[in-house]
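S.K.: Below is a structure I'd like to ask you about.
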Amino acid sequence: MYVFRNMRIVTRMILAFSGILILAICLTLISTREMSFIEGHLNTINDLNSVKQRFAINFRGSVHDRAISIRDVVLHSDVAEVEKAVSVIKRREDFYAESAVRLDEMFKAGSDITSEERLILQDIKLIETRTLPLIVQIIDLRRNGDQFAAHQILMNDARSLFDEWLIQINRFIDLQERMDMRDAAWNRENLIY
Numbered sequence: 117m118y119v120f121r122n123m124r125i126v127t128r129m130i131l132a133f134s135g136i137l138i139l140a141i142c143l144t145l146i147s148t149r150e151m152s153f154i155e156g157h158l159n160t161i162n163d164l165n166s167v168k169q170r171f172a173i174n175f176r177g178s179v180h181d182r183a184i185s186i187r188d189v190v191l192h193s194d195v196a197e198v199e200k201a202v203s204v205i206k207r208r209e210d211f212y213a214e215s216a217v218r219l220d221e222m223f224k225a226g227s228d229i230t231s232e233e234r235l236i237l238q239d240i241k242l243i244e245t246r247t248l249p250l251i252v253q254i255i256d257l258r259r260n261g262d263q264f265a266a267h268q269i270l271m272n273d274a275r276s277l278f279d280e281w282l283i284q285i286n287r288f289i290d291l292q293e294r295m296d297m298r299d300a301a302w303n304r305e306n307l308i309y
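Sequential numbering from 117 applies to the sequence shown in our numbering.
Right, here's the structure in full:
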């Protein structure tokens, strides 16, 4: 303190303002760094997890609609209604394929994909490859007039596969939601007030 008393007032003011300026610069640098971390987590939520979740929701809607439509294929006695249900199945299959291609592109390009995500997506694809041939088989049987055999395949095989398919898709959606909540919690804990 004695040193400051011997300084001229101008020198003391310069030192005081310099100290305040250095503190302001330090606070700015720290805040910028923290905001960069927060922005990174928000980008993960918005640009990755939410997009993957959207594709999975598209999957779920498509699978659900196809399950209802394949039931209609089996149960309708009117050929026109059967064909109407088949066209719904085709449209929903195309919609699913669009989402699958885009999700696969994200998985190929991204290093931010977890092993759990890869495993669940692999399970979804496995069930899809087991279910799609049954859909084709049911439609073919129904078009050839064998409603009983189509009904048997639907009840004995396809129904449980559709259920499992939806369960795996919901696992993927739930995982994305948990990842979003984890990143949001990190942001809340690390915000500077």
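Virtual Cβ for every residue (Gly too), placed ideally from N, Cα, C. Being a predicted model, the structure only gives us computed values, none of them experimental.
Looking at the unbroken alpha helix (DSSP H) that takes in residue 201, where does it start and where does it end?
M.R.: Taken as a continuous stretch (DSSP letters only), the alpha helix (DSSP H) holding residue 201 covers 195-225.
S.K.: So, helix, strand or coil for residue 261, using DSSP?
M.R.: In this structure, residue 261 counts as coil in the three-state DSSP scheme.
S.K.: Name the two residues that bound the continuous alpha helix (DSSP H) containing residue 272.
M.R.: Unbroken run through residue 272: none, as it is neither H nor E.
S.K.: What three-state label does DSSP hand residue 124 in the structure shown?
M.R.: Residue 124 falls in the coil class under three-state DSSP.
S.K.: Are residue 277 and residue 246 close, meaning C-beta to C-beta below 7 Å?
M.R.: For residue 277 and residue 246, yes; Cβs fall inside 7 Å.
S.K.: Using 8 Å as the threshold, is the segment 226-241 in touch with the segment 263-274, meaning 3 or more CB pairs across them?
M.R.: Output reads no: the segment 263-274 does not touch the segment 226-241.
S.K.: If residue 181 and residue 204 are in contact, beta carbons under 8 Å, what's the gap, nearest whole angstrom?
M.R.: With 8 Å as the limit, residue 181 and residue 204 qualify as a contact, their Cβ atoms being about 6 Å apart.
S.K.: How is the alpha helix (DSSP H) around residue 180 delimited, first residue to last?
M.R.: Start and end: 166-191.
S.K.: Near residue 187, what residues of its chain come up, given a Cβ to Cβ distance below 8 Å and the 5 sequence neighbours on each side ignored?
M.R.: Correct list, in chain order: 270.
S.K.: Just confirm the distance between the C-beta atoms of residue 174 and residue 215, as a whole number of angstroms; I'd bet it's less than 8 Å.
M.R.: Between residue 215 and residue 174 the Cβ distance is about 4 Å, and since that is below 8 Å, they are a contact.
S.K.: Measuring straight from C-alpha to C-alpha, what distance separates residue 212 and residue 151?
M.R.: Using only the alpha carbons, I get a separation of about 37 Å.
S.K.: Would you mind working out which of 294, 285, 165 and 282 sits nearest residue 223, comparing C-alpha positions?
M.R.: It is 165.
S.K.: Thinking just about the alpha-carbon of each residue, which of 177, 284 and 124 is nearest to the one in residue 209?
M.R.: Looking at the Cα atoms, 177 is the closest of the given residues.
S.K.: Kindly list the residues whose CB is nearer than 7 Å to the CB of residue 218, restricted to its own chain and excluding five residues on each side of it in sequence; keep chain order.
M.R.: Within the same chain, residue 218 has close Cβ partners 171.
S.K.: Name the residue from 242, 197, 288 and 155 whose alpha carbon lies nearest to the alpha carbon of residue 300.
M.R.: Checked all of 242, 197, 288 and 155; the closest Cα to residue 300 is 155.
S.K.: On the criterion of 16 or more Cβ atoms from any shown chain inside 10 Å, does residue 193 qualify as buried, or is it exposed?
M.R.: Label assigned to residue 193: exposed.
S.K.: Using the rule of at least 16 other Cβ atoms within 10 Å of the residue's Cβ for burial, across every protein chain shown, is residue 258 buried or exposed?
M.R.: Buried is the call here.
S.K.: Using the Cβ count rule (16 or more neighbours within 10 Å means buried), how would you classify residue 297?
M.R.: Exposed, because fewer than 16 other Cβ atoms sit within 10 Å of the Cβ of residue 297.
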